[in-house]
Amino acid sequence: MPNFVKVAELDELNENAGLMVELEGEQVAIFLVDGKPLAVQDKCPHRGAPLSEGQRTGTVVRCPWHAAKFDLVTGKVLNPPARRDLHCYKAETRADGVYLSLERDATSNESSS
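First residue of the sequence shown: 1242, per the working numbering; consecutive thereafter.
This is the structure in structure tokens:
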């Protein structure tokens, strides 16, 4: 069972904007999509732009600097100029806040059902 750590209060998340949090020195972007938190590395692999400041449409986030697009569920790059996928973090909401997994091998936000 993965270890989770609280990174934000529930009221810090909303459907209209990303939230940047820190997890063991790493910057992570969290997006609330249909009430579910999706978390990916905050730095765009192209030039390091903060993806938490990007525009989200559905489960896709657009880099605010060069318009690269990424799938928030799989971390896959969908549109250049980025060429590398994003690292995904398991995220969940609980009654007292938003939690991220400490596991380093999480590669997608897809359910394992």
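For every residue, glycine included, the Cβ atom is placed at its ideal position computed from N, Cα and C.
Backbone secondary structure at residue i - three-state DSSP
| i | result |
| --- | --- |
| D1252 | helix |
| E1294 | helix |
| G1289 | coil |
| K1331 | coil |
| E1344 | coil |
| E1263 | strand |
| N1320 | strand |
| V1314 | coil |
| S1354 | Bear in mind that a pLDDT of 38 at S1354, under 50, signals an unreliable position, so the number given afterwards is only what the model happens to contain. S1354 falls in the coil class under three-state DSSP. |
With 16 other Cβ atoms within 10 Å as the buried cut-off, status of residue i
| i | result |
| --- | --- |
| K1284 | buried |
| R1297 | buried |
| A1323 | buried |
| L1341 | buried |
Beta-bridge pairing of residue i - partner residues as DSSP gives them
| i | result |
| --- | --- |
| K1277 | V1274 |
Close beta carbons around residue i, own chain, < 7 angstroms, minus the five adjacent residues each side
| i | result |
| --- | --- |
| S1354 | Note on S1354: pLDDT 38, under 50, position unreliable in the model; no value is reported. |
| A1309 | C1285, H1287, V1318, N1320, P1321, P1322, A1323 |
Own chain, CB closer than 6 angstroms to residue i, minus 5 neighbours either side, in chain order
| i | result |
| --- | --- |
| P1291 | D1283 |
| P1305 | A1290, E1294, G1295 |
Nonlocal neighbours in the same chain, by C-beta distance under 8 angstroms from residue i, ignoring five residues either side
| i | result |
| --- | --- |
| T1300 | V1274, L1279, D1312, L1313, V1314 |
| A1249 | L1260, V1262, I1271, G1338, V1339 |
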